[in-house]
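To start, the structure under review is shown below, and the notes come after it.
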Amino acid sequence: MEATVVTPDITCDLMDVDETDLVWTFLSEARAPDLIEPGALVLAGDTDASAVAEVVDIVDKPAGKVVHLRLLPGHIEAYAALVQRVLTD
Amino acid sequence: VAEPTREELRPRLRTEPSLADTVVVVRGGPAKARQLTTHAERTHKAFQLDGVPIWGVSVFAAIDDIGPASLDGLLQRLWSYRVVHLPTVGQLADAGFPLLPTFARPHFTLRLTTADEIEIDRLVVALGPENPNRYHWIKR
Numbered sequence: 001m002e003a004t005v006v007t008p009d010i011t012c013d014l015m016d017v018d019e020t021d022l023v024w025t026f027l028s029e030a031r032a033p034d035l036i037e038p039g040a041l042v043l044a045g046d047t048d049a050s051a052v053a054e055v056v057d058i059v060d061k062p063a064g065k066v067v068h069l070r071l072l073p074g075h076i077e078a079y080a081a082l083v084q085r086v087l088t089d
Numbered sequence: 090v091a092e093p094t095r096e097e098l099r100p101r102l103r104t105e106p107s108l109a110d111t112v113v114v115v116r117g118g119p120a121k122a123r124q125l126t127t128h129a130e131r132t133h134k135a136f137q138l139d140g141v142p143i144w145g146v147s148v149f150a151a152i153d154d155i156g157p158a159s160l161d162g163l164l165q166r167l168w169s170y171r172v173v174h175l176p177t178v179g180q181l182a183d184a185g186f187p188l189l190p191t192f193a194r195p196h197f198t199l200r201l202t203t204a205d206e207i208e209i210d211r212l213v214v215a216l217g218p219e220n221p222n223r224y225h226w227i228k229r
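Those protein sequence lines, which keep their order, are chains L and B.
Its first residue numbered 1, the first sequence is counted upward by one per residue in this note's numbering.
Its first residue numbered 90, the second sequence is counted upward by one per residue in this note's numbering.
See below:
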C-alpha cells in the first residue's frame with residue numbers, strides 16, 4: 001500500500017506552545033497565508049506529525065506575525081470520513 | 090533606540106524547583122536532524138534570553154504521577170506523534186542540554202548552544218531511541 005503524503009497548510013512544531021498555551025508558529029510558514037485567518041481550520045505540523053487545528057489569532061511579535069493554533073482532536077482521516085458521511089448531493 | 094527583533098524570554102520563565110535527574114522528558118519524534126534544526130531556528134528567530142538570541146526546541150517533562158503532566162497524560166496530549174523520545178533530565182544534562190522552564194507547566198525549552206550540524210547530531214543522540222506512542226491516532 002502506498003503511503004499517503006501529508007502536506008500541512010502551516011508548518012510548525014506541535015510542541016511549541018507559548019504563554020497562551022496554544023501552539024505558535026510564524027505566519028510566513030503557511031503555504032498560503034491568505035488561508036490563515038481566525039476561525040479557519042487548517043492542517044498544522046510537519047510531514048511526520050500533523051493535526052487539524054483552528055486558527056485562534058494572528059499577533060504581531062517582534063520577529064514577525066505569529067499564528068496561534070488550537071489543536072483539535074482526531075486525525076485528519078476522521079474529518080474526511082465525517083465529510084464523506086454527512087454530505088450528499 | 091532600536092526595537093527588539095526578538096521576544097524576551099526572561100519574563101516567561103517559571104520559578105520552580107529544579108527537576109530531578111530521573112524525571113522523564115518527552116519529545117515527539119522521530120528526531121530528524123532537518124526538522125530539529127528548523128524548530129531550533131524558529132525558536133532562535135523568535136526569542137532571546139537576557140538580550141541574547143537563543144536556540145532551543147520544545148519538550149514536556151513528566152513532572153506529575155497522574156494528570157496532564159504525567160507521562161501518560163503527555164503521551165495522550167502528543168497523540169499525533171507516532172513515536173516519542175523519552176530521555177531523562179539527567180541524560181540531557183550529561184549531554185550538555187539544560188532545560189529552561191518556559192511558559193506553562195510542563196513545557197520546557199531544551200537549550201542548544203547553536204543549531205549547526207554537530208550540535209543537532211548531538212541532540213539526536215541525547216534524545217535516545219524512539220518509543221511507540223500508544224495513543225497515536227486513537228480516534229476520539
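Backbone N, C-alpha and C fix where the C-beta goes; we use that ideal spot for every residue, glycine too.
State yes or no: is the C-beta of residue 149 of chain B within less than 7 angstroms of the C-beta of residue 98 of chain B?
no
Could you give the uninterrupted runs of the beta strand (DSSP E) lying entirely in the segment 153-222 of chain B, keeping only those of 3 residues or more?
172-174, 196-201 and 219-221
Within 10 angstroms of the Cβ of residue 124 of chain B, are there 16 or more other Cβ atoms? Answer buried if so, exposed if not.
buried
Identify the residues that DSSP records as bridge partners of residue 137 of chain B: which are they?
B:97 and B:142
For a cutoff of 7 angstroms on Cβ pairs, would you count residue 159 of chain B as touching chain L?
no
Decide if the segment 133-147 of chain B is in contact with the segment 165-182 of chain B; the criterion is three or more beta carbon pairs, one per stretch, under 8 angstroms apart.
no
Distance check for residue 58 of chain L and residue 204 of chain B, CA to CA, integer angstroms please.
27 angstroms
Starting from residue 149 of chain B, find everything on chain L with Cβ-Cβ shorter than 8 angstroms and list it in chain order.
15
Which residues, in order along the segment 34-63 of chain L, keep a beta-carbon less than 8 angstroms from a beta-carbon of chain B?
45, 46, 48, 49, 50, 51, 61, 62 and 63
Between residue 10 of chain L and residue 25 of chain L, how many whole angstroms is the CB-CB distance? I'm expecting something under 8 angstroms.
6 angstroms
Mind pulling the chain B residues with CB within less than 8 angstroms of residue 68 of chain L?
In chain order: nothing, as chain B lies at least about 12 angstroms away.
Considering only residues of the same chain and omitting the five flanking positions on each side of residue 79 of chain L, which have a CB-CB separation below 7 angstroms?
52
In the DSSP assignment, find the beta strand (DSSP E) that holds residue 51 of chain L and state where it starts and stops.
50-61
Please confirm whether any heavy atom of the ligand FAD lies closer than 6 angstroms to the CB of residue 195 of chain B.
This structure lacks the ligand FAD, and indeed carries no ligand of any kind.
Contact criterion: CB-CB distance below 7 angstroms. Does residue 120 of chain B meet it with respect to chain L?
no
Are the C-beta of residue 217 of chain B and some C-beta of chain L separated by less than 7 angstroms?
no
As assigned by DSSP and simplified to three states, the class of residue 129 of chain B:
helix
Near residue 112 of chain B, which residues of its chain fall below 8 angstroms by C-beta distance, leaving aside the five closest residues on each side in sequence?
150, 151, 152, 177 and 178
Bridge partners - residue 28 of chain L, DSSP secondary structure assignment
In DSSP, residue 28 of chain L forms no bridge with anything.
Contact between the segment 126-134 of chain B and the segment 188-196 of chain B (3+ Cβ pairs under 8 angstroms):
no
Between residue 54 of chain L and residue 31 of chain L, is the Cβ-Cβ spacing less than 7 angstroms?
no
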